[in-house]
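Per my numbering, the very first residue in the sequence shown carries number 3; after that it's consecutive.
Built from N, CA and C at the ideal position, the CB exists for glycine as well.
As structure tokens, the structure follows; a few thoughts come after it.
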Amino acid sequence: MNLLLFIKQAFLAIRGNKLRSFLSTLGIIIGISSFVIMLAIGEGTKQQMLSYFADSSNVVNIDTNEGPNQDGKPKSSLGKNIFTEEITSEILEKVPHAQKLLLEYNLSSNPRAIYKAKDIGGALKVIPKNFFSIKKGKIMLGTYFGQDDYDEERKVAIIGYKLVRKVFGTENPIGKKLSIGGEIFSVSGVLEEKGYDFDEGIFIPNTTAKKYFGKTEISRFMVFADKDENVDSLKKDLGYFLLKRSGLDNYSDVKFRLSTNKDMMKQISDMSKSFTYFLVGIGAISLVVGGIGIMNIMLVSVTERTREIGIRKAIGATNFNIMYQFLIEAIILTLIGSLIAIGLSYGLARVINNFSPPDLGFKCIINTNILVIAIAVSVTMGLSFGLMPAYKAARLKPIDALHFE
Numbered sequence: 003m004n005l006l007l008f009i010k011q012a013f014l015a016i017r018g019n020k021l022r023s024f025l026s027t028l029g030i031i032i033g034i035s036s037f038v039i040m041l042a043i044g045e046g047t048k049q050q051m052l053s054y055f056a057d058s059s060n061v062v063n064i065d066t067n068e069g070p071n072q073d074g075k076p077k078s079s080l081g082k083n084i085f086t087e088e089i090t091s092e093i094l095e096k097v098p099h100a101q102k103l104l105l106e107y108n109l110s111s112n113p114r115a116i117y118k119a120k121d122i123g124g125a126l127k128v129i130p131k132n133f134f135s136i137k138k139g140k141i142m143l144g145t146y147f148g149q150d151d152y153d154e155e156r157k158v159a160i161i162g163y164k165l166v167r168k169v170f171g172t173e174n175p176i177g178k179k180l181s182i183g184g185e186i187f188s189v190s191g192v193l194e195e196k197g198y199d200f201d202e203g204i205f206i207p208n209t210t211a212k213k214y215f216g217k218t219e220i221s222r223f224m225v226f227a228d229k230d231e232n233v234d235s236l237k238k239d240l241g242y243f244l245l246k247r248s249g250l251d252n253y254s255d256v257k258f259r260l261s262t263n264k265d266m267m268k269q270i271s272d273m274s275k276s277f278t279y280f281l282v283g284i285g286a287i288s289l290v291v292g293g294i295g296i297m298n299i300m301l302v303s304v305t306e307r308t309r310e311i312g313i314r315k316a317i318g319a320t321n322f323n324i325m326y327q328f329l330i331e332a333i334i335l336t337l338i339g340s341l342i343a344i345g346l347s348y349g350l351a352r353v354i355n356n357f358s359p360p361d362l363g364f365k366c367i368i369n370t371n372i373l374v375i376a377i378a379v380s381v382t383m384g385l386s387f388g389l390m391p392a393y394k395a396a397r398l399k400p401i402d403a404l405h406f407e
């Protein structure tokens with residue numbers, strides 16, 4: 003017997019018992035679709051987080067927040083406070099491969115954003131003039147901050163895509179008034195969807211923040227290397243430069259931390275793998291349940307077709323032929339179930355992406371790797387859970403099988 007004949011016989015057996023075949027594939031459909039969606043959520047989460055750093059893989063971050071010393075005490079008395087706006091030009095002039103620099107600020111206060119007497123949430127971002135050009139944030143409505151907005155300390159705000167959808171719905175937000183920390187700000191622009199904290203951000207000029215909300219502190223310097231391959235050299239040279247400017251002799255007492263976006267991307271990938279493995283573990287439970295369903299239905303099929311097996315053996319079919327036939331049938335059942343599940347998963351992914359609340363901020367991405375894994379898993383399940391019924395069928399003796407009622 004050749005493979006094509008086995009496949010033809012398997013399809014005939016499946017067509018002859020449509021209800022039983024449907025019930026046996028139902029568990030597989032649920033299991034594989036759960037498995038695919040879990041992988042898609044993990045992939046979507048990873049891609050969305052990595053996209054935030056994709057345009058800035060050549061960045062070295064200088065975090066200026068003071069952490070504890072080795073003895074657990076704050077480092078407030080160590081070194082000089084060198085992290086001011088004046089040091090930016092010095093870094094660009096004296097540190098090799100430093101091409102441009104972006105500052106991130108923290109406010110000493112924590113002003114809340116209010117619209118129509120409701121706290122709208124969102125992350126308040128204090129930004130310098132070059133923020134959007136460097137971060138590649140694009141305006142979909144309204145305008146960017148102009149030089150006059152900074153010079154005249156105007157109370158204007160640009161809002162992220164998802165926050166606008168959540169707060170204003172289909173209303174045009176341009177010109178709407180927000181109360182931020184008790185001060186009335188006018189919405190001057192809306193950002194295109196970008197991902198991560200961009201979409202939930204409320205952005206205001208740093209000069210305005212200083213005037214109305216008190217002290218602003220530089221929380222991070224983002225130093226851009228001239229080329230991606232020079233990032234590690236830039237990190238090393240920045241470390242030496244800042245150590246010297248701090249008046250310290252070694253890194254154990256520094257009040258800053260250096261990291262690269264490449265390091266962060268690697269950490270995100272590692273965390274994403276762990277998250278995906280966790281989700282796959284959850285999906286695997288439903289796969290096992292579906293596989294047990296296939297095995298039970300195949301055992302019933304062996305019992306119902308005992309006389310057929312006896313006849314086949316009587317006219318020359320070997321144990322291998324019988325075993326092969328039932329294994330092929332189990333694999334085809336799981337493949338049919340997995341193909342239906344993949345189609346269902348695409349539909350579910352589309353629903354999740356279109357209708358999930360904006361503040362959840364995740365997407366399902368079904369790529370080729372996920373499809374290959376799903377097909378491979380279904381074939382493995384067909385082999386694994388079809389093996390016992392196939393072995394039972396192959397072990398039947400022709401005489402006993404022919405006398406079976």
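Residue environment for alanine 378: exposed (fewer than 16 other C-beta atoms within 10 angstroms of its C-beta). Distance from the CA atom of isoleucine 204 to the CA atom of isoleucine 161, rounded to whole angstroms, is 5 Å.
Shown here for alanine 392: same chain residues with a beta carbon closer than 6 Å to its own, the five before and five after excluded, namely Met325, Phe328, Leu329 in chain order. Across the set Thr305, Ile129, Ala159, Phe226, the C-alpha of Ala159 shows the shortest separation from the C-alpha of leucine 143.
Residue environment analysis places glycine 318 among the exposed positions, since fewer than 16 neighbouring C-beta atoms fall within 10 angstroms of its C-beta.
The bridge partners DSSP lists for methionine 390 come to none.
For asparagine 63, there is no enclosing alpha helix (DSSP H); the enclosing beta strand (DSSP E) covers residues 61-65. Contact between the segment 297-312 and the segment 92-100 is absent: fewer than 3 CB-CB pairs across the two stretches fall below 8 Å.
If you check the CB distance, isoleucine 270 and glutamate 45 do not come in under 9 Å. With respect to the 9 Å criterion, glycine 216 and serine 110 are classified as neighbours on the basis of their beta carbons. Residue range 263-306 is occupied by the alpha helix (DSSP H) that includes lysine 264, with no beta strand (DSSP E) assigned at that position. Taking the Cα of phenylalanine 187 as reference, the smallest distance to any Cα among Glu155, Asp201, Lys196, Leu165 is reached at Glu155. A direct Cα-Cα distance of roughly 59 Å separates leucine 7 from glutamate 202. When only Cα atoms are considered, tyrosine 107 and isoleucine 64 end up about 12 Å apart. Rounded to the nearest angstrom, the gap between the Cα atoms of lysine 118 and threonine 262 is 41 Å. Secondary structure of glycine 184 (DSSP, three-state): coil. If you look at glutamate 106, you'll find it isn't in any alpha helix (DSSP H); it sits in the beta strand (DSSP E) that goes 100-109.
In this model, glutamate 231 and leucine 335 are separated by some 51 Å (Cα to Cα).
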